[in-house]
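Structure first, then comments.
Now the structure itself:
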């Protein structure tokens, strides 16, 4: 969404409220309810999304007056950012709005950042607009290496960035990959997402992405909004997305967040989820297939077992028979295994492993 | 009895020999604990003074002085002076030096003390703890008699040493005595609180207290008229115990035949009733001399009484403090925001004893600054009950009420005072200390109903008040945010800020109140939803960003 479009949306919501006031009503603001009960799985799109339950926030209410005022203050502030074409973090926004209401009111507009964070989500939901489009930045974490070039318009400059020439550190995925940034060329044939930076560095050293012509990405744990948007855009260009994670609660969680989106950001599910993503490993069947792995397993912790049990209950997971089998195996064996274990025999084994799995289509869908 | 002369009253003195017993069991009279002992002494003298003055048609004026005599604060001199009729020379010794010798025991009438053990017990207590005699100065019918009184424990006979006798124009009784094993303090159980409450329940009384630190407090009279005198009635057969029956029989000298004694001593008793009793107790000798009545016979009789149908006793003998008087007292002492007093007709307990419950609730105002919140003030025949509150029917009934139903959210933290006065010719105390009312079912129900009746009025008042203040609060709260919101709406929409703000303020002032009711319910739902959402996020441990 262009900043002009975002500005227009903000203006419209403001005008709507003023109209309500002019008609003699208290201003209201409608958003979609962001509760667990209003989170549903969109089967056709393959992602989590919000249901149809709406809630109306009112200014003329004891319980809501303050948050209503705060929400409008955030909207107004974001409109200013867009006008000035300046970006800031949600923490920067909080400080912009942390002032006392003044006159005879001895009260701060915001006192805690936790107050503003939730209201930013309200605006995202209510206006159907992502925070990135409101010039709010998020933290960066992920890295990419591979045959792809990007045009980055930033600070008045236009720079072509070659992701194959980023040396040992890779290209750091920005918080917003939609505004002021476009993919120019892609030679890579698929995307490989590895959970940990350590494994990314290992594969980067082997020039794995060059040999196999892929984009090597690590989200460094849970994916940022920027990383997930980039993966979505790459999938949109028809690139297969393969994920290599730990075989444990955290690894599964990172994968499923990429694939179906999270409950927290269900309202952005369609923009963020990558249902095409495949889980390459590490899997329980790998332990049988590669005998050396058997000695490198770890006893599953309570959290892993509990997570596996929960996952079996989610309709968006238990619709895949291979995942049901995998999780039942975890519950039976009570074992888990880290992706780092693949280096147990030989450091370069990881590459062979990946190739074999992709070639034989040995993944969990 | 209203027109009885003093001599008539004192003719009714009867003798008992119980001094020795009480010497060993003084806690039964309430002399347990130093603070309590002092309050009990004051209580005995003050109730006597009030009864005597009222009976003589004099507006009571009572002066109490407490002096500490040693450094340890254990040795005191207590002076109680009244403006009553005084006591004639012939009865002074008996009144102050003989256990159970008062005028009250044999009279079936609503009175403050029910058993005349009070004043003599104080004389005894003084003598036991200090070895001193009690000085009495009685101004009666133009004579001022000064005497020192002690008692012979063995024979229960008073020892009176006359000091002087002179002419006077005054009337009244002054008693001065020293005590050890007592202590003065200004607590919930102390003399100050006792006199304050006495003044509350006796608005026709003026009380002055001089404390050991010489601080002088006056509880002024707020009603210039003595209460109506309660009438003396004959006891109802269903209201007496075996012991009562024996006592009445022992003190009877008029009737030589049991049947005549019964008919003439108790109310609703006719020869027809004696015949009914004869049918229940065949072979029982109703012609015997009442003074020969044995315990087991009395027991049989009392049991038989329960099997006969009696007309309920007359209840017009009871005199409450009165709605207006309690209200006036409450206002005088607490200056509360609201006073509710209930006025309820007399009832009967145990089928034979008339009683009446007065309940009053004071709320807010001066009580907001009062030290004690959720104050329960118990009275029996206008006498404050300070001790043994946990075993008292009044306390228990007040506690059993679900105060939240009456918009009193936390009874013990609210600026509320509840007064309950139980009026009866025979108040069922739990012990001779007369500090708690026992749990008679009829009595308990009536106490609860009386308090709840008052509480309903309080509730109506509070909920109305709360609604008004809630609405004002809501308007105030929302108005705080109008300025900021208008500014932001202006920058979002491009409309003029002043116009937005003016319109919004107008909406709040006019339309707002009607919208609120619905709003609150919705707000609750959303709050709950937000809470659920928050918990969910926490349990998920998400870190999308």
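Chains as they are written, first to last, in my numbering: chain A, 10 to 374; chain B, 306 to 850. Quick reminder that beta carbons are idealized off the backbone N, C-alpha and C, glycines included.
{"Query": "Note down the Cα distance separating residue 393 (chain B) from residue 679 (chain B), rounded to an integer number of angstroms.", "Result": "45 Å"}
{"Query": "If we cut at 7 Å on Cβ distances, does residue 789 (chain B) have a partner in chain A?", "Result": "yes"}
{"Query": "Find out if the Cβ-Cβ distance for the pair residue 128 (chain A), residue 118 (chain A) is shorter than 7 Å.", "Result": "no"}
{"Query": "Quick check on this structure: which residue in A:221, A:351, A:132 has the alpha carbon closest to the alpha carbon of residue 43 (chain A)?", "Result": "A:132"}
{"Query": "Just curious, the alpha helix (DSSP H) that residue 279 (chain A) is in, first and last residue?", "Result": "278-281"}
{"Query": "Please state whether the Cβ-Cβ distance between residue 37 (chain A) and residue 275 (chain A) is less than 7 Å.", "Result": "no"}
{"Query": "To the nearest angstrom, report how far apart residue 828 (chain B) and residue 137 (chain A) are at their CA atoms.", "Result": "Interpretation of residue 828 (chain B) is limited by its pLDDT of 47, a score under 50 that renders its predicted location unreliable; no figure is taken from the coordinates."}
{"Query": "If I measure Cβ to Cβ from residue 768 (chain B) and keep anything under 6 Å in the same chain, skipping five residues before and after, which residues do I get?", "Result": "712"}
{"Query": "Which residue or residues does DSSP assign as beta-bridge partners of residue 681 (chain B)?", "Result": "B:723"}
{"Query": "When you compare the segment 284-294 of chain A with the segment 69-82 of chain A, are there three or more beta-carbon pairs, one atom per stretch, that lie closer than 8 Å?", "Result": "no"}
{"Query": "Can you check DSSP and say which residues form a bridge with residue 515 (chain B)?", "Result": "B:370, B:521"}
{"Query": "Taking the alpha carbon of residue 74 (chain A) as the point to measure from, which residue in B:808, B:529, B:789 has its own alpha carbon closest?", "Result": "B:789"}
{"Query": "Run through the segment 636-694 of chain B for me and flag every whole beta strand (DSSP E) of 3 or more residues, listed as ranges in chain order.", "Result": "643-646, 652-654, 658-668, 680-685, 688-690"}
{"Query": "Could you tell me how far apart the beta carbons of residue 317 (chain A) and residue 305 (chain A) are, in whole angstroms, since I believe they sit closer than 8 Å?", "Result": "The Cβ separation is near 20 Å, so there is no contact."}
{"Query": "Is residue 798 (chain B) close to chain A? Criterion is C-beta to C-beta, closer than 7 Å.", "Result": "yes"}
{"Query": "Taking residue 660 (chain B) as the reference, give the member of B:742, B:694, B:614 with the closest Cα.", "Result": "B:742"}
{"Query": "Identify the contact partners of residue 519 (chain B) in chain A, using a Cβ-Cβ distance below 7 Å as the criterion.", "Result": "None at all; the shortest Cβ gap to chain A is about 49 Å."}
{"Query": "For residue 614 (chain B) versus residue 572 (chain B), is the C-beta spacing smaller than 7 Å?", "Result": "no"}
{"Query": "Would residue 800 (chain B) be called buried (16 or more neighbouring beta carbons within 10 Å of its own) or exposed?", "Result": "buried"}
{"Query": "With respect to 6 Å, is the separation between the Cβ of residue 370 (chain B) and the closest non-hydrogen atom of the ligand ADP below this value?", "Result": "Although the ligand ADP was asked about, the structure shown includes no ligands whatsoever."}
{"Query": "Can you list the residues of chain A that residue 779 (chain B) reaches, using a CB-CB cut of under 7 Å?", "Result": "71"}
{"Query": "How many angstroms separate the CA atom of residue 199 (chain A) from the CA atom of residue 355 (chain A)?", "Result": "25 Å"}
{"Query": "Could you compute how far the alpha carbon of residue 157 (chain A) sits from the alpha carbon of residue 194 (chain A)?", "Result": "6 Å"}
{"Query": "Kindly say whether residue 85 (chain A), judged by its beta-carbon, lies nearer than 7 Å to any beta-carbon of chain B.", "Result": "yes"}
{"Query": "Indicate whether the contact test is met: 3 or more Cβ pairs, each with one atom in the segment 666-682 of chain B and one in the segment 709-729 of chain B, closer than 8 Å.", "Result": "yes"}
{"Query": "Let me confirm a value: residue 159 (chain A) is counted as buried when at least 16 other C-beta atoms fall within 10 Å, else exposed. Which label applies?", "Result": "buried"}
{"Query": "To the nearest angstrom, how far is the alpha carbon of residue 796 (chain B) from that of residue 32 (chain A)?", "Result": "20 Å"}
{"Query": "Going by Cα to Cα distance, which pick from B:432, B:437, B:479 is closest to residue 451 (chain B)?", "Result": "B:479"}
{"Query": "Measure the alpha-carbon distance for residue 709 (chain B) versus residue 772 (chain B) and round it to whole angstroms.", "Result": "16 Å"}
{"Query": "Contact between the segment 168-175 of chain A and the segment 140-157 of chain A is defined here as three or more beta-carbon pairs at a separation below 8 Å; is this criterion met?", "Result": "yes"}
{"Query": "Name the DSSP bridge partner or partners of residue 455 (chain B)?", "Result": "B:464"}
{"Query": "From the DSSP output, read off the bridge partner residues of residue 159 (chain A).", "Result": "A:170, A:192"}
{"Query": "Against chain B, which members of the segment 303-317 of chain A pass a CB distance test of less than 8 Å?", "Result": "none"}
{"Query": "How about residue 785 (chain B): is its C-beta nearer than 7 Å to some C-beta of chain A?", "Result": "yes"}
{"Query": "Rounded to a whole number of angstroms, what is the C-alpha to C-alpha distance between residue 844 (chain B) and residue 272 (chain A)?", "Result": "Note on residue 844 (chain B): pLDDT 43, under 50, position unreliable in the model; no value is reported."}
{"Query": "Thinking C-beta only, is residue 490 (chain B) closer than 7 Å to residue 340 (chain B)?", "Result": "yes"}
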